[in-house]
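Trainee:
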Amino acid sequence: MSDVQTAADVRALRDATPRAATEVGVIVRAILGAMRITLRNLFRKPVTVHYPDSQRAYPDRYRGLLALTYDKETGEEACIGCRLCEYVCPPAVIKVEMLKAEKRNYAKTFTLELYACEFCELCVQVCPTDAIVMTKSFDLSTTDRRELLLDKDRLHALGKQFEQSWATGNKLRDMQGPPKMARAEHAAKEEAAGA
Ligand code: SF4
Ligand code: SF4
């Protein structure tokens, strides 16, 4: 081995040593960081909810299962069979037949194919009688799609079983118009201008 080769090897070794030390430092820091996170989570309270034994509380505006309601004052079915929800539904999963009666109309049949529903809430928004609503639950899992074809009776049963979400057609439509005060002021101004 020549003197020139030996000197080059020594220089290469001298250059490599700080680089190797830096890389080892990076690895050690990464391991310590990961261990710190592991230790911190080891003593943390678990956040997993053991569904269905325990259920989490859903927010008021949760868009869960759809349901039909009864009129709070009369106890009658709230749906008047107007079919607005059927017309507005983007994937066309609602089918309603109207039953004409003397004092008011009813839904003779009402079906909703929940397996194709987009949970867009448009049907709720257009309903004039707050008859169709969303509930704070998704608890209808099944392996049989036929069970997700909901008829009028099942939709009413869901309305009784699960807590209703905040939204109703009337509340949602109220949010879209100008505030009531502003409307009243506007009417007063118009009246004053006309006088
Ligand atoms: S939530 Fe939307 S997709 Fe589902 S039934 Fe109502 S309108 Fe149709
Ligand atoms: S649920 Fe509402 S929008 Fe749909 S048919 Fe009944 S009253 Fe009309």
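Per this note's numbering, the sequence shown runs over residues -11 to 183. We put the CB at the ideal spot given by N, CA and C, even for glycine. Small disclaimer: the values here were computed from a predicted structure and weren't measured.
What separation, rounded to the nearest whole angstrom, lies between the Cα atoms of M(-11) and R(-1)?
Mentor: The count along the sequence shown starts at 1 and reaches residue -11 at position 1. The count along the sequence shown starts at 1 and reaches residue -1 at position 11. Reliability of the predicted coordinates at M(-11) is poor, the pLDDT of 48 falling under 50, and the value obtained from them is presented with this limitation in mind. Approximately 16 Å between the Cα atoms of the pair.
Trainee: Should H38 go down as buried or exposed, given a rule of 16 or more other Cβ atoms within 10 Å for buried?
Mentor: Here residue 38 refers to the residue found at position 50 of the sequence shown. Classification for H38: exposed.
Trainee: Taking a contact to mean a Cβ-Cβ separation below 8 Å, would you say K140 touches T97 in this structure?
Mentor: Translated into the one-based positions of the sequence shown, residue 140 becomes position 152. Translated into the one-based positions of the sequence shown, residue 97 becomes position 109. It is a contact, given that the beta carbons lie within the stated cut-off.
Trainee: Could you tell me the alpha carbon to alpha carbon distance between A80 and L20, rounded to whole angstroms?
Mentor: By 1-based counting over the sequence shown, the position of residue 80 is 92. By 1-based counting over the sequence shown, the position of residue 20 is 32. Going from the Cα of A80 to the Cα of L20 covers about 56 Å.
Trainee: Rounded to whole angstroms, what's the CA-CA distance from V84 to Q164? Just pull it up for me.
Mentor: Locating residue 84 in the sequence shown gives position 96, counting from the first residue. Locating residue 164 in the sequence shown gives position 176, counting from the first residue. Using only the alpha carbons, I get a separation of about 26 Å.
Trainee: Rounded to a whole number of angstroms, what is the C-alpha to C-alpha distance between K60 and A119?
Mentor: For the purposes of this step, residue 60 is taken as residue 72 along the sequence shown, with counting starting at 1. For the purposes of this step, residue 119 is taken as residue 131 along the sequence shown, with counting starting at 1. Their backbone Cα atoms lie some 11 Å apart in a straight line.
Trainee: I need the boundaries of the alpha helix (DSSP H) containing E74, first residue and last residue.
Mentor: Here residue 74 is taken as the residue at index 86 of the sequence shown, counted from 1. Residues 72 to 76.
Trainee: Considering just the uninterrupted stretch of the beta strand (DSSP E) at A95, what are its terminal residues?
Mentor: Translated into the one-based positions of the sequence shown, residue 95 becomes position 107. Where A95 is concerned, the enclosing beta strand (DSSP E) stretches over 94 to 101.
Trainee: In chain order, what residues place their C-beta within less than 7 Å of a heavy atom belonging to ligand 1?
Mentor: Here the list is L54, C73, V76, C77, P78, P79, V81, I82, L100, C105, E106, F107, C108, E109, L110, C111, V112.
Trainee: M(-11) by DSSP, collapsed to three states: which one?
Mentor: Along the sequence shown, one-based indexing puts residue -11 at 1. Bear in mind that a pLDDT of 48 at M(-11), under 50, signals an unreliable position, so the number given afterwards is only what the model happens to contain. Here M(-11) sits in coil by DSSP.
Trainee: Taking buried to mean at least 16 other C-beta atoms within 10 Å of its own C-beta, is T156 buried or exposed?
Mentor: Stepping through the sequence shown from its first residue, residue 156 is reached at position 168. It is buried - the Cβ of T156 has at least 16 other Cβ atoms within 10 Å.
Trainee: Let me make sure I understand the geometry here. Which of P116, P167, M23 has the alpha-carbon closest to that of N93?
Mentor: Start at 1 with the first residue of the sequence shown, and residue 93 comes out as number 105. For the residues P116, P167, M23, the minimum Cα distance to N93 belongs to P116.
Trainee: Using a 10 Å radius around the Cβ and a threshold of 16 neighbouring Cβ atoms, would you call Q113 buried or exposed?
Mentor: Residue numbering aside, residue 113 sits at position 125 when the sequence shown is read from its first letter. Buried, because 16 or more other Cβ atoms sit within 10 Å of the Cβ of Q113.
Trainee: For the alpha helix (DSSP H) that L160 lies in, which residues bound it at each end?
Mentor: One-based indexing of the sequence shown puts residue 160 at position 172. Element bounds for L160: 157 to 164.
Trainee: Note the first and the last residue of the continuous alpha helix (DSSP H) segment covering L143.
Mentor: Position 155 of the sequence shown, counting from 1, holds the residue named residue 143. Taken as a continuous stretch (DSSP letters only), the alpha helix (DSSP H) holding L143 covers 140 to 149.
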